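Residue numbers (UniProt numbering): 1 to 234.
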């Protein structure tokens, strides 16, 4: 499978807010969901590309996905800059299970995190990739699990690593990175782990977001001038 101009066009343009389509991002503690920016809905050819890239050994698709996410991060930079106040951004990849990393012989999300950090640099923001988290125990991968099962699978399953504690220090502003937003259970677990250690999660970036089941329309595109949504959690 090779990509065509149509596939590349689906990943182009400004990122869009997608958190409203992820029910498990709601922490049920009165704090609104963390903002999540996606390049496109996780449907059709985009789904095929991501599956082949992530689980079928198509590392050559980095050449399609990395520039797209780097460009999106650069466009998002002006919206993030005021919240950072000149401080550096810690770009934190969502951790995979050890079994998934061994099966893939690499960490695809780490590739995306480097693309986001580079894009933020392009926008004049100091950013560094910090692989601060790990999956606790032998929890199974999230692929194929429903919303409730994802939540149970991740309950208490994400922890800070010693390297993460050293690298993040006492308080860092974090941008999470993952490949696909599905229910939001993974991002919610990661957010809780970071906040437990005193860090602030400003938002997350993903390649694609699963369309909400109610309408199947996916995240609605917004004008590029509104991609940040003022970083207000709504």
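No residue lacks a Cβ here, since even glycine has one placed at the ideal position from N, Cα and C. Quick caveat: nothing in here was measured; it's all calculated off a predicted structure.
Worksheet item: Which term fits residue 98, buried or exposed, when burial requires 16 or more other beta carbons within 10 angstroms of its beta carbon?
Response: For the purposes of this step, residue 98 is taken as residue 98 along the chain shown, with counting starting at 1. Result: exposed.
Practice prompt. Would you check if the distance between the CB atom of residue 210 and the CB atom of residue 24 is smaller than 8 Å?
Written response: As a first step, residue 210 is located in the chain shown; it is residue number 210 there, counting from the start. As a first step, residue 24 is located in the chain shown; it is residue number 24 there, counting from the start. Going by C-beta atoms, residue 210 is not nearer than 8 Å to residue 24.
Worksheet item: So the alpha helix (DSSP H) residue 18 belongs to, where does it begin and stop?
Response: Residue numbering aside, residue 18 sits at position 18 when the chain shown is read from its first letter. Looking at the DSSP string, residue 18 is not in any alpha helix (DSSP H), and its letter there is neither H nor E.
Worksheet item: Whose C-beta lies closer than 6 Å to the C-beta of residue 212 among residues of the same chain, with five residues either side of it excluded?
Response: The residue given as residue 212 occupies position 212 in the chain shown. Only 21 meet the Cβ criterion.
Discussion item. The beta strand (DSSP E) that contains residue 94, what's its start and end?
Written reply: As a working mapping, residue 94 is identified with position 94 in the chain shown. First-last for residue 94: undefined, no H or E at that position.
Worksheet item: Is it true that the stretch 200-209 meets the stretch 170-185, where meeting means three or more beta-carbon pairs spaced less than 8 Å apart?
Response: yes
Fill in: Distance between beta carbons of residue 165 and residue 197, contact taken as under 8 Å
Stepping through the chain shown from its first residue, residue 197 is reached at position 197. Stepping through the chain shown from its first residue, residue 165 is reached at position 165. Going by Cβ atoms, the distance from residue 197 to residue 165 rounds to 7 Å, so yes, they are a contact pair.
Worksheet item: Within this structure, are the beta carbons of residue 66 and residue 115 separated by less than 8 Å?
Response: Here the question's residue 66 lines up with position 66 in the chain shown. Here the question's residue 115 lines up with position 115 in the chain shown. Cβ distance < 8 Å, so residue 66 and residue 115 count as in contact.
Practice prompt. Can you tell me which of 160, 53, 108, 80 puts its alpha carbon nearest to the alpha carbon of residue 135?
Written response: The residue you call residue 135 lines up with position 135 of the chain shown. The residue with the shortest Cα to Cα distance from residue 135 is 160.
Discussion item. Going by DSSP in three states, residue 87 sits in which element: helix, strand or coil?
Written reply: For the purposes of this step, residue 87 is identified with residue 87 of the chain shown, where counting begins at 1. Coil.
Item to complete: Go through its chain and collect everything with a Cβ distance to residue 77's Cβ below 6 Å, but skip five positions before and after it.
Response: For the purposes of this step, residue 77 is identified with residue 77 of the chain shown, where counting begins at 1. The answer, listed in chain order, is 120, 123, 125.
Worksheet item: At a cut of 8 Å, does the stretch 88-98 reach the stretch 40-47 through at least three beta carbon pairs?
Response: no
Worksheet item: Leaving out five residues before and five after residue 84 in sequence, what residues of the same chain have Cβ atoms less than 6 Å from its Cβ?
Response: Taking the first residue of the chain shown as 1, we reach residue 84 at position 84. Closer than 6 Å at the Cβ level, and outside the excluded window around residue 84, lie 173.
Item to complete: Determine the extent of the alpha helix (DSSP H) in which residue 186 is found, giving its start and end residues.
Response: Mapped onto the chain shown, residue 186 falls at position 186. Start and end: 185-196.
Worksheet item: Cα separation between residue 14 and residue 163?
Response: Looking up residue 14 in the chain shown gives position 14. Looking up residue 163 in the chain shown gives position 163. Answer to the nearest angstrom: the Cα atoms are 33 Å apart.
Discussion item. Looking at the secondary structure, which residues open and close the beta strand (DSSP E) in which residue 39 lies?
Written reply: The count along the chain shown starts at 1 and reaches residue 39 at position 39. Unbroken beta strand (DSSP E) run through residue 39: 36-41.
Discussion item. Going by DSSP in three states, residue 174 sits in which element: helix, strand or coil?
Written reply: Position 174 of the chain shown holds residue 174. It is a strand residue.
Practice prompt. Answer with buried or exposed for residue 57, where buried requires no fewer than 16 other C-beta atoms within 10 angstroms of its C-beta.
Written response: Within the chain shown, the letter at position 57 stands for residue 57. With fewer than 16 Cβ atoms within 10 Å of its Cβ, residue 57 is classed as exposed.
Worksheet item: At which residues does the alpha helix (DSSP H) containing residue 25 begin and terminate?
Response: In the chain shown, residue 25 corresponds to position 25, counting from 1. Residue 25 -> no alpha helix (DSSP H), and no H or E assigned at all.
Discussion item. Given this structure, state the Cα-to-Cα distance separating residue 251 from residue 26, to the nearest angstrom.
Written reply: The structure shown has nothing for residue 251, since the chain only spans 1 to 234.
Practice prompt. May I ask you to report which of helix, strand or coil DSSP gives residue 56?
Written response: As a working note, residue 56 is residue 56 in the chain shown. Three-state result, residue 56: coil.
Worksheet item: Would DSSP call residue 157 helix, strand or coil?
Response: Taking the first residue of the chain shown as 1, we reach residue 157 at position 157. Residue 157 falls in the coil class under three-state DSSP.
Worksheet item: Taking residue 54 as the reference, which of 112, 188, 185, 189 has the closest Cα?
Response: Working through the chain shown from its first residue, we reach residue 54 at position 54. Checking every option, the nearest Cα to that of residue 54 belongs to 112.
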